[in-house]
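Novice: Protein chains in written order, with this note's numbering: chain A, 7 to 360; chain B, -12 to 275; chain C, 1121 to 1474.
Built from N, CA and C at the ideal position, the CB exists for glycine as well.
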Amino acid sequence: MAKVTLKNLSHSYLEKQNNNADWALRDISIDWKDSGAYALLGPSGCGKTTLLNIVSGLLKPTKGNVLFDDKDVTTLNPVERDIAQIFQFPVIYDTMSVYDNLAFPLKNRGLSDGEIASKVKEIAEMLELTSTLKNRASGLTADGKQKISLGRGLVRSDVNVIMFDEPLTVIDPHLKWVLRSKLKELHQKINRTMIYVTHDQTEALTFADQVVVMHEGQIVQTGTPVELFEKPKHTFVGHFIGSPGMNILPCEIKNGEVNFGGQKISSHNAIKKSNFSKTQIGIRPEFINFSKEGIPVKIKRVSNTGRHKIIDTECTGGNIKILSNASTEIPSGSTHVTFNKKFTYIYGDNWIIE
Amino acid sequence: MNKTINQKAWLFVIPVFVLVAFNAAIPLMTVVNYSFQETFGNNVFAWEGTRWFKQILLSERFHAALGRQIAFTFIILLIQIPLGIGIALTMPKKGWGVPVCLILMSMPLLIPWNVVGAMWNIFALPDIGFLGYTLNAIGFDYNFTQQPGDAWFTTILMDVWHWTSLVVLLSYAGLNSIQPAYYQAAEIDGASRWAIFRYIELPKMKKVLTLAILLRFMDSFMIYTEPFVLTGGGPGNTTAFLSIDLVKMALGQFDLGPAAAMSLIYFFIVLLVCWVFYNLMMKNEARS
Amino acid sequence: MSLELKNIEKKIGIDTHIYPTNLKLEKNTINVLLGSTLAGKTTLMQIMAGLDKPTSGQIWFNQKNVTGKKVQSRNCSMVYQQFINYPNYTVFENIASPLMITGVKTDEIKQRVGKVAELLKLSAMLNKKPDELSGGQQQRTALARALVKDSDLILLDEPLANLDFKLREELREELPKLFEDRDCIVVYATTEPSDALMIGGNTATLLEGKVIQYGKTLEVYNKPDNLTSAKVFSDPPMNIAEVKKSGDICKLKDNSVQWKPSTKIKDGIYKIGIRPHNITTYKEGNNSVEINGKVQISELSGSESLIHFTNGNLNWVSLSNGIQQKNVGENTKLYMNTDEFLYFDQNNRLVNNG
Chain A
7 MAKVTLKNLS
17 HSYLEKQNNN
27 ADWALRDISI
37 DWKDSGAYAL
47 LGPSGCGKTT
57 LLNIVSGLLK
67 PTKGNVLFDD
77 KDVTTLNPVE
87 RDIAQIFQFP
97 VIYDTMSVYD
107 NLAFPLKNRG
117 LSDGEIASKV
127 KEIAEMLELT
137 STLKNRASGL
147 TADGKQKISL
157 GRGLVRSDVN
167 VIMFDEPLTV
177 IDPHLKWVLR
187 SKLKELHQKI
197 NRTMIYVTHD
207 QTEALTFADQ
217 VVVMHEGQIV
227 QTGTPVELFE
237 KPKHTFVGHF
247 IGSPGMNILP
257 CEIKNGEVNF
267 GGQKISSHNA
277 IKKSNFSKTQ
287 IGIRPEFINF
297 SKEGIPVKIK
307 RVSNTGRHKI
317 IDTECTGGNI
327 KILSNASTEI
337 PSGSTHVTFN
347 KKFTYIYGDN
357 WIIE
Chain B
-12 MNKTINQKAW
-2 LFVIPVFVLV
8 AFNAAIPLMT
18 VVNYSFQETF
28 GNNVFAWEGT
38 RWFKQILLSE
48 RFHAALGRQI
58 AFTFIILLIQ
68 IPLGIGIALT
78 MPKKGWGVPV
88 CLILMSMPLL
98 IPWNVVGAMW
108 NIFALPDIGF
118 LGYTLNAIGF
128 DYNFTQQPGD
138 AWFTTILMDV
148 WHWTSLVVLL
158 SYAGLNSIQP
168 AYYQAAEIDG
178 ASRWAIFRYI
188 ELPKMKKVLT
198 LAILLRFMDS
208 FMIYTEPFVL
218 TGGGPGNTTA
228 FLSIDLVKMA
238 LGQFDLGPAA
248 AMSLIYFFIV
258 LLVCWVFYNL
268 MMKNEARS
Chain C
1121 MSLELKNIEK
1131 KIGIDTHIYP
1141 TNLKLEKNTI
1151 NVLLGSTLAG
1161 KTTLMQIMAG
1171 LDKPTSGQIW
1181 FNQKNVTGKK
1191 VQSRNCSMVY
1201 QQFINYPNYT
1211 VFENIASPLM
1221 ITGVKTDEIK
1231 QRVGKVAELL
1241 KLSAMLNKKP
1251 DELSGGQQQR
1261 TALARALVKD
1271 SDLILLDEPL
1281 ANLDFKLREE
1291 LREELPKLFE
1301 DRDCIVVYAT
1311 TEPSDALMIG
1321 GNTATLLEGK
1331 VIQYGKTLEV
1341 YNKPDNLTSA
1351 KVFSDPPMNI
1361 AEVKKSGDIC
1371 KLKDNSVQWK
1381 PSTKIKDGIY
1391 KIGIRPHNIT
1401 TYKEGNNSVE
1411 INGKVQISEL
1421 SGSESLIHFT
1431 NGNLNWVSLS
1441 NGIQQKNVGE
1451 NTKLYMNTDE
1461 FLYFDQNNRL
1471 VNNG
């Protein structure tokens, strides 16, 4: 168990760096508390796996430091850092039984057979693997194998941090939620610092108390699931979290007033500055309502997904997506919509204006 | 899915069919013919039934040749497989070293077999060959044309030199297909270098290794050209492996009946071993 | 134009991969094959394409028997889960390849590739090689290749499975638009019910080599013939409970909840199926009924919350809009929309059908 601190981390895979694009990670600073559940969320190529490998010690950062419990571990390897990692594809030792797989990290650390047996039994029970302990590990299904990889991390009591690198990629969708609940439950039971890397918002938001959203090598927002949904600090967060994502619409700011397609819009955040090269309105499809007056729109397409209707509309300022209940009657042709002020934000150069 | 239909390809296959018919099917039938009959030339045949088979199976000469053959194959497998894996493990995984190593490794495989025999013959000659001369100069009484032990030593050394590369290349391909996550996980689990080899690399190489053993078994069991050029089966009959003995019998003594019977027995031994291997491989496949 | 499977059966050794199946796909439709892995989706597609032969039964295309006809002589395209492109061809050459083989004129190739590339937002990368593209762009290229020739049959075998969550969402929305004005039959295999709902068209639910139900996607979703079809077409899994109906009152087996069913059914024992989104933390519909639950876990997607809870010895899942965080072990009150309940008889057939 340990708290993890990242101080001004930057990493580049190149020898020389000329511009921002040459950096895989740019100036990352994070404080992760002991025993917390954290997630790194972002699309592929955002740098989250690089960051994970730096924390686990598989990669040395170009700049900056990694601290475990205020002790600098930047130059230590994964074994010296005492971390565990679960990979995207289940890593199991094919020729060993499930029991031997779970016992392997303990055997390598020279524990006595008695200790090993009791530890393995405890973890196997937690992961519901008890009945398969004697089987060959290679005969298990993908989720069974992934449980073994997980078990090998959990079985050690000296682990500082357990890291997950998109661990549910190969799991059948019907089983994903079972493992998701299992992971959450495990975190509450064993109370270790866990860091979960994924591109899947559900996995990140469900698992973690605090989610770090990454975009192009930078952290764009750190926050609770509610914060990320209700008040995205960067247009990318708005787009990435929620499905469908936030509507990001071009607007103009004049004298502190927001103008969108000829309409005045009132927003939640006050506009103190306006010297941006680009200003935008962010409004989630959930927070737009049809009404008699407001912004005139034309309905282009309605798709019914069984429990929602997703409505594509067009107006002078751009295309707006609206989400409503499946039972709601949707007006056809031309109509008007209004934005819920509480969830309407203005962004300057992609960052929220505050 | 985007292919257009074109049946012309069949035309190109015809030569192969013809060639196979002449090369394999017809000679094989001739051999079968000879193995059951006695002939004195001029196409005069007398039915002998299974006499030649009995004679061969009971002959000490065949037993001796078979024994030498098994010993040879066993020894070279015992050397080449571990050596091949060892070299593959030490080869670089990226950078300029990769192509260099791969080319170096492929070289022996590209040399024609009779040339290999001739090269080693000259190389090992005790008076003028580099190897033979050096060995004698440092005090070994080495002469592969006179002493059976030296002849075996040289033949095995030649085969190891010629064929270990094949095992190396196959093992290297097997090693390269292991995902880096396996090594990282093992590192995190605190596995020793030996444990990584034993529990990750070896199991992941199992398929290619089975293939390597099978290939090396077949090739070495049917080896002819290289020892023929190097030792001619001598001194005496000490390096006369099955194929060399067979040729001696057929072309040296014109015992066509027994030679044909021996050919078939030889053929069935190879077939049997391959079949056993194949089944083992399939069984493993089904289990995992 | 139509594709008809008549009593198609596929056996390999003693294993039956596809049980006798009848299916008629009409012109200009998108047909989703929905089922978990190993349900027989891929086998069925390969039989449709002519890549595999059925053990018995016939395939008719345009009122002609094409059983046993080679794939080359059928006009179809296929896109796979893996991004399959020619690595040493540019994107343009990749897309153009089916046309070059059939000897279309250069001018026409240019024009047709240009059009498809624009549709799939690939115009800017026509001169790049596939390995310079992101996963999404690679799969777009594969899709473009399938679209560029006027195939009668386009088969998509889990084309979005290997993509990032957000890209999947984006492409899933575009797909039906791509086929809108095309004269062809599209078959789309997926494991995810949400894919089927977003794509619309028709859906066939599959389980263990059997087609359970085929019909308009929303109809199959809203009115599943039987419990199996309802289960296949529900993610998160459908809540199922035994209920007793007598007089105008329906009760859960342990009497904890009772309500008045909104449709007429005979007295007796039934199984009810409740989709997770019909159990919510807030009231929905005119006939909602309260249920008490003990929270097992609350999972959060960006904009929705899944609450797993127990009621007596039942394990249930509810899906609500917004972020509804609950603590593990917390007692909570939820509301079920009884109008949306599905009632199944002892043979698992839907009784409140229409």
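Anyone know if the C-beta pair for C:Val1415 and C:Asn1447 falls short of 8 angstroms?
Specialist: Your numbering for residue 1415 of chain C matches position 295 in the third sequence. Your numbering for residue 1447 of chain C matches position 327 in the third sequence. Going by C-beta atoms, C:Val1415 is nearer than 8 angstroms to C:Asn1447.
Novice: Can you find the residues in the same chain that come closer than 7 angstroms, C-beta to C-beta, to A:Val165, ignoring five residues on each side of it along the sequence?
Specialist: Translated into the one-based positions of the first sequence, residue 165 of chain A becomes position 159. Contacts found: Asp88, Ile89, Ala90, Gly159 and Arg198.
Novice: Among A:Val161, A:Leu139 and A:Leu174, which has the Cα closest to the Cα of A:Ala148?
Specialist: As a working note, residue 148 of chain A is residue 142 in the first sequence. Comparing Cα-Cα distances from A:Ala148 to each of A:Val161, A:Leu139 and A:Leu174, the minimum goes to A:Leu174.
Novice: Return no unless some Cβ of chain C is closer than 8 angstroms to the Cβ of A:Pro173.
Specialist: As a first step, residue 173 of chain A must be located in the first sequence, where it is residue number 167. So, not an interface residue.
Novice: Return the chain-ordered list of same chain residues with a C-beta closer than 6 angstroms to the C-beta of B:Phe40, the five sequence neighbours on each side being excluded.
Specialist: Counting from 1 along the second sequence, the entry for residue 40 of chain B is found at position 53. Closer than 6 angstroms at the Cβ level, and outside the excluded window around B:Phe40, lie Ala248.
Novice: What's the call for C:Thr1325, buried or exposed, on a 16-neighbour Cβ count within 10 Å?
Specialist: Reading the third sequence from its first residue, position 205 is the one you call residue 1325 of chain C. Its Cβ being crowded by 16 or more others within 10 Å, C:Thr1325 is buried.
Novice: Could you say which of C:Ile1138, C:Tyr1334, C:Asp1465 and C:Val1186 lies nearest to C:Glu1328 if we only look at CA atoms?
Specialist: Locating residue 1328 of chain C in the third sequence gives position 208, where the first residue counts as 1. When only C-alpha atoms are compared, the closest one is C:Ile1138.
Novice: What's the call for B:Arg180, buried or exposed, on a 16-neighbour Cβ count within 10 Å?
Specialist: Within the second sequence, residue 180 of chain B is the residue found at index 193, counting from 1. By the neighbour-count rule (16 or more Cβ atoms within 10 Å), B:Arg180 is not buried but exposed.
Novice: May I have the straight-line CA-CA distance separating B:Ile143 from B:Ala58, to the nearest angstrom?
Specialist: Mapped onto the second sequence, residue 143 of chain B falls at position 156. Mapped onto the second sequence, residue 58 of chain B falls at position 71. C-alpha separation (whole angstroms): 11 angstroms.
Novice: By DSSP, does C:Leu1298 sit in helix, in strand, or in coil?
Specialist: The residue you call residue 1298 of chain C lines up with position 178 of the third sequence. It is helical.
Novice: For the alpha helix (DSSP H) that B:His149 lies in, which residues bound it at each end?
Specialist: In the second sequence, residue 149 of chain B corresponds to position 162, counting from 1. Segment Pro135 to Asn163, the alpha helix (DSSP H) holding B:His149.
Novice: Going by DSSP, name the residue or residues bridged to B:Trp39.
Specialist: By one-based count along the second sequence, residue 39 of chain B stands at place 52. In the DSSP output, where bridge partners are listed per residue, B:Trp39 has none listed.
Novice: Under 8 angstroms between C-beta atoms, does A:Gln91 make it to chain B?
Specialist: Along the first sequence, one-based indexing puts residue 91 of chain A at 85. Yes, A:Gln91 counts as interfacial toward chain B.
Novice: Along chain A, in chain order, which residues have C-beta atoms closer than 8 angstroms to that of B:Ile187?
Specialist: Within the second sequence, the letter at position 200 stands for residue 187 of chain B. Correct list: Tyr99.
Novice: Flag C:Met1318 as yes if its beta-carbon sits less than 8 angstroms from any beta-carbon of chain A, otherwise no.
Specialist: As a position in the third sequence, residue 1318 of chain C is number 198, starting the count at 1. For C:Met1318, the answer is yes, since a Cβ of chain A falls inside 8 angstroms of its Cβ.
Novice: In chain order, what residues of the same chain have a beta carbon less than 6 angstroms from the beta carbon of C:Gln1178, not counting five sequence neighbours either side?
Specialist: If you number the third sequence from 1, residue 1178 of chain C lands on position 58. Within the same chain, C:Gln1178 has close Cβ partners Lys1126, Asn1185 and Thr1187.
Novice: With a threshold of 8 angstroms between beta carbons, is B:Ser158 in contact with chain A?
Specialist: For this step, residue 158 of chain B is matched to residue 171 along the second sequence. No, its Cβ sits nowhere closer than 8 angstroms to a Cβ of chain A.
Novice: Using 8 angstroms as the threshold, is the C-beta distance between A:Cys52 and A:Met200 below it?
Specialist: For the purposes of this step, residue 52 of chain A is taken as the residue at position 46 of the first sequence. For the purposes of this step, residue 200 of chain A is taken as the residue at position 194 of the first sequence. Not in contact: A:Cys52 and A:Met200 (Cβ atoms no closer than 8 angstroms).
Novice: When you compare the CB of A:Asn141 with every CB in chain B, is at least one pair closer than 8 angstroms?
Specialist: Sequence index remark: in the first sequence, residue 141 of chain A carries index 135 (1-based). No, A:Asn141 does not count as interfacial toward chain B.
Novice: I'd like to know if the region 1381 to 1398 of chain C and the region 1361 to 1370 of chain C are in contact, where contact means that at least 3 CB-CB pairs between them fall below 8 angstroms.
Specialist: Contact between the region 1381 to 1398 of chain C and the region 1361 to 1370 of chain C is present, because at least three Cβ pairs lie under 8 angstroms.
Novice: Just how far apart, CA to CA, sit B:Phe127 and B:Leu65?
Specialist: The residue you call residue 127 of chain B lines up with position 140 of the second sequence. The residue you call residue 65 of chain B lines up with position 78 of the second sequence. When rounded, the distance between both Cα atoms is 25 angstroms.
Novice: Do you know how far the Cα of C:Thr1310 is from the Cα of C:Ala1262?
Specialist: For the purposes of this step, residue 1262 of chain C is taken as the residue at position 142 of the third sequence. For the purposes of this step, residue 1310 of chain C is taken as the residue at position 190 of the third sequence. Rounded to the nearest angstrom, the two C-alpha atoms are 17 angstroms apart.
Novice: If the cut is a Cβ gap below 8 angstroms, which residues of chain B does A:Asn114 touch?
Specialist: Reading the first sequence from its first residue, position 108 is the one you call residue 114 of chain A. Chain B residues near A:Asn114: Asp176, Gly177, Ala178, Ser179 and Ala182.
Novice: Decide yes or no for the touch test of the region 39 to 55 of chain A against the region 97 to 111 of chain A: beta carbon pairs closer than 8 angstroms, at least 3 of them.
Specialist: They do not touch, by the three-pair rule.
Novice: Do you know how far the Cα of C:Pro1140 is from the Cα of C:Lys1330?
Specialist: Locating residue 1330 of chain C in the third sequence gives position 210, counting from the first residue. Locating residue 1140 of chain C in the third sequence gives position 20, counting from the first residue. Approximately 8 angstroms between the Cα atoms of the pair.
Novice: Between which residues of its own chain and B:Tyr316 is the CB-CB distance below 7 angstroms, once the five residues before and five after are set aside?
Specialist: The question about residue 316 of chain B has no answer here: the residues shown for chain B are numbered -12 through 275.
Novice: Give the single residue among C:Glu1238, C:Asn1451 and C:Leu1462 whose Cα lies nearest to the Cα of C:Pro1344.
Specialist: Along the third sequence, one-based indexing puts residue 1344 of chain C at 224. Of the listed residues, the one whose Cα sits closest to C:Pro1344 is C:Leu1462.
Novice: Closer than 8 angstroms is the cut-off here; do at least three beta carbon pairs connect the region 53 to 64 of chain A with the region 1288 to 1302 of chain C?
Specialist: As far as the Cβ criterion goes, the region 53 to 64 of chain A does not touch the region 1288 to 1302 of chain C, which means the pair count is below three.
Novice: Are the region 71 to 84 of chain B and the region 145 to 165 of chain B touching by the rule of at least three beta carbon pairs closer than 8 angstroms?
Specialist: Touching, yes, given that three or more Cβ pairs across the two stretches are closer than 8 angstroms.
Novice: My assumption, with CB atoms under 8 angstroms, is that B:Leu96 sits in contact with B:Met145. Please give the rounded CB distance.
Specialist: Numbered from 1 along the second sequence, position 109 holds the residue referred to as residue 96 of chain B. Numbered from 1 along the second sequence, position 158 holds the residue referred to as residue 145 of chain B. 14 angstroms between Cβ atoms; not a contact.
Novice: What does A:Thr350 reach in chain E if we use C-beta pairs closer than 7 angstroms?
Specialist: No chain E is present in this structure, whose protein chains are A, B and C.
Novice: Using three-state DSSP, classify C:Tyr1206 as helix, strand or coil.
Specialist: Reading the third sequence from its first residue, position 86 is the one you call residue 1206 of chain C. It is coil, neither helix nor strand.
Novice: Do you know how far the Cα of C:Asn1214 is from the Cα of C:Arg1265?
Specialist: Locating residue 1265 of chain C in the third sequence gives position 145, where the first residue counts as 1. Locating residue 1214 of chain C in the third sequence gives position 94, where the first residue counts as 1. Those two C-alpha atoms are separated by around 7 angstroms.
Novice: In or out: A:Lys151 buried (at least 16 other Cβ within 10 Å) or exposed?
Specialist: In the first sequence, residue 151 of chain A corresponds to position 145, counting from 1. Burial call: buried.
Novice: Please report whether the beta-carbon of B:Gln166 lies at a distance below 8 angstroms from any beta-carbon of chain A.
Specialist: On the second sequence, position 179 is the one that residue 166 of chain B refers to. Yes - at least one Cβ of chain A is within 8 angstroms of the one on B:Gln166.
Novice: Do we get a CB-CB distance below 8 angstroms when we pair A:Gly248 with the residues of chain C?
Specialist: For the purposes of this step, residue 248 of chain A is taken as residue 242 along the first sequence, with counting starting at 1. At least one chain C Cβ lies under 8 angstroms of A:Gly248.
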